[in-house]
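Enquirer: Sequence order for the protein chains is A and B.
Number 54 in my numbering belongs to position 54 of the first sequence; there are no gaps in the numbering.
In short: position in the second sequence from 1, add 1000, done, that's my numbering.
Positions of the beta carbon are idealized from the N, C-alpha and C atoms, including for glycine.
Before we start, here is the structure in question, set down as structure tokens.
There are 2 protein chains.
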Amino acid sequence: MGYSIGQVAKKTGLSVHTLRYYEKEGLLPFIRKTSSGLRVFSDDDINWLGMIECLKATGMPLKGIKQYIDWYHQGDSTLSQRLAMFQQQEQNIKAKMQELNTNLAKIQYKIRLYDAAVKQGSLDKAQQEPEFRAARLRLFGH
Amino acid sequence: MGYSIGQVAKKTGLSVHTLRYYEKEGLLPFIRKTSSGLRVFSDDDINWLGMIECLKATGMPLKGIKQYIDWYHQGDSTLSQRLAMFQQQEQNIKAKMQELNTNLAKIQYKIRLYDAAVKQGSLDKAQQEPEFRAARLRLFGH
DNA sequence: CCTTGACTTAGAGTATACTCTAGGTTTTAG
DNA sequence: CTAAAACCTAGAGTATACTCTAAGTCAAGG
């Protein structure tokens, strides 16, 4: 039920430095401390770290995550702000996925091109092939 | 055919500061300068900036992009390194897309949950509903 | 010719997110 | 009881990617 900072570091893959930094930034406001000052993480705290990872991995800065935690702290009066935040984040994720898809196509063109170039020992020769000229025009517009 | 740094900034959405910074970091080694020192960007340079954006948007640090440009500069002897780099980048993109998908599902759960919470005026009440308990267990494991 | 705006370099400053160090305290295993 | 491992705080240092400033040069319109 109670974990030390080192145990949490192992569990989450974050360093103890990072965990202390997150607490200092207000991202872990629920952590208890023993009378002698040692942090004691609960299962709830681990779950919070999971949510922090989720928001971080989808591009939210720590300040944005802190805002969410502050709203959570303020209780049900901030439900609509939190809903709006998640809706915005959904849009951000979808836009990022779109962008990744577009750029994946460009990278995959480069893989096909360089595959041909390696086989022929020349990038110029490969680039001259009609197949690659057409794909380049379609993907890069030149 | 030749563009000033200001024209390129408008074209690409990057600032003139950023363009100079990229040149300083070795990301734009082909740019010509007039006898009086002004940068003249060619269409090829604009295309390079497009590739830089593509690699940057898919998570490659500027150092990695510089490595690619250095390999390009060295000619056909580095074709296989460049191929390997693009293949690695493809894997990175696919992993990132996977991660985004997983986290999108979590965010969308939160949207459904907060939507219900806003309607009821209480997060606790919404969280108690069997539908949300089940989804939470599936997505977050708790 | 002159002013205005865009350009130049070198170097300093900023934001974000860690990451580490120093010096000290607490816990745990033998 | 003691030594090693793990913990603590405060604050400094690092990496990345810009972003801006100062002081000056260049180019185009009137």
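How about A116 (chain A) and E129 (chain A): do their beta carbons lie closer than 8 Å?
Expert: Yes, the pair counts as a contact, with Cβ atoms nearer than the cut-off.
Enquirer: So which residues of chain B does L100 (chain A) contact, with C-beta pairs closer than 8 Å?
Expert: Chain B residues near L100 (chain A): A1057, T1058, I1093, K1096, M1097 and L1100.
Enquirer: So, at 7 Å on beta carbons, what are the nonlocal neighbours of L19 (chain A) in its own chain, with the 5 sequence-adjacent residues on each side left out?
Expert: Around L19 (chain A): I5, V8 and A9.
Enquirer: Going along the segment 1063-1076 of chain B in order, which residues come within less than 7 Å of chain A, judged by CB to CB distance?
Expert: Residues passing the 7 Å Cβ filter: D1076.
Enquirer: Is the CB-CB distance between I1093 (chain B) and L113 (chain A) below 8 Å?
Expert: Result no, Cβ atoms of I1093 (chain B) and L113 (chain A) do not sit closer than 8 Å.
Enquirer: From Q120 (chain A) to Q127 (chain A), what distance separates their C-alpha atoms?
Expert: C-alpha separation (whole angstroms): 11 Å.
Enquirer: Taking Cβ to Cβ, would you say G1026 (chain B) is nearer than 8 Å to I1069 (chain B)?
Expert: Yes.
Enquirer: Give the secondary structure of F140 (chain A) by DSSP, where H, G and I count as helix, E and B as strand, and everything else as coil.
Expert: It is helical.
Enquirer: Tell me, which residues are paired with V1040 (chain B) by DSSP?
Expert: Partner(s): B:R1032.
Enquirer: Mark K1024 (chain B) as exposed unless 16 or more other C-beta atoms lie within 10 angstroms of its C-beta, in which case mark it buried.
Expert: When all chains shown are included, K1024 (chain B) counts as exposed.
Enquirer: Enumerate in chain order the residues of its own chain whose CB-to-CB distance from T1012 (chain B) is below 6 Å, with the five nearest sequence positions on each side excluded.
Expert: Counting only Cβ-Cβ distances below 6 Å, and skipping sequence neighbours, we find L1049.
Enquirer: Tell me which same chain residues have a C-beta within less than 8 Å of the C-beta of R176 (chain A), skipping the five on either side of it?
Expert: An answer regarding residue 176 (chain A) cannot be provided, because it is not within the stretch 1 to 142 covered by chain A.
Enquirer: Establish whether the CB of F1140 (chain B) and some CB of chain A are separated by less than 8 Å.
Expert: It does: the Cβ of F1140 (chain B) has a partner Cβ on chain A nearer than 8 Å.
Enquirer: Using 8 Å as the limit for Cβ to Cβ distance, is D1115 (chain B) near chain A?
Expert: It does; some Cβ of chain A falls within 8 Å.
Enquirer: Name the residue from A:H17, A:G75, A:K110 and A:K63 whose alpha carbon lies nearest to the alpha carbon of Q1081 (chain B).
Expert: Ranking A:H17, A:G75, A:K110 and A:K63 by Cα distance to Q1081 (chain B) puts A:K110 first.
Enquirer: When you compare the segment 72-92 of chain A with the segment 1040-1060 of chain B, are there three or more beta-carbon pairs, one atom per stretch, that lie closer than 8 Å?
Expert: Segments in contact, no.
Enquirer: How would you label K1063 (chain B), buried or exposed, when you count the other beta carbons within 10 angstroms and need 16 or more for buried?
Expert: Exposed.
Enquirer: Please work out which residues of its chain come closer than 8 Å, Cβ to Cβ, to D1044 (chain B), disregarding the five sequence neighbours upstream and downstream, and give them in chain order.
Expert: Excluding sequence neighbours, D1044 (chain B) sits near F1030.
Enquirer: Leaving out five residues on either side along the sequence, give the residues of the same chain with a beta carbon under 6 Å from the beta carbon of L1123 (chain B).
Expert: Correct list, in chain order: A1117.
Enquirer: Please check if any C-beta of chain B sits within less than 8 Å of the C-beta of G2 (chain A).
Expert: Closer than 8 Å: no.
Enquirer: Please go through the segment 1091-1128 of chain B and give each complete alpha helix (DSSP H) segment of 4 or more residues, from N-terminal end onward.
Expert: Listed in chain order, the complete alpha helix (DSSP H) runs (minimum 4 residues) inside the segment 1091-1128 of chain B are 1123-1128.
Enquirer: Do you know how far the Cα of I1046 (chain B) is from the Cα of V1016 (chain B)?
Expert: Roughly 13 Å separates the two Cα atoms.
Enquirer: For K1106 (chain B), count neighbouring Cβ atoms within 10 angstroms of its own Cβ and tell me buried if that reaches 16, exposed if not.
Expert: It counts as buried.
Enquirer: Just grab the DSSP bridge partners of Y1021 (chain B) for me.
Expert: Answer is none; Y1021 (chain B) lacks a bridge partner.
Enquirer: With a cut-off of 8 Å, does the C-beta of K1106 (chain B) fall near any C-beta of chain A?
Expert: Yes, contact with chain A.
Enquirer: Using a Cβ-Cβ cut-off of 6 Å (strictly less than) and excluding sequence neighbours within five positions of Y1022 (chain B), which residues of its own chain qualify?
Expert: Only L1028 meet the Cβ criterion.
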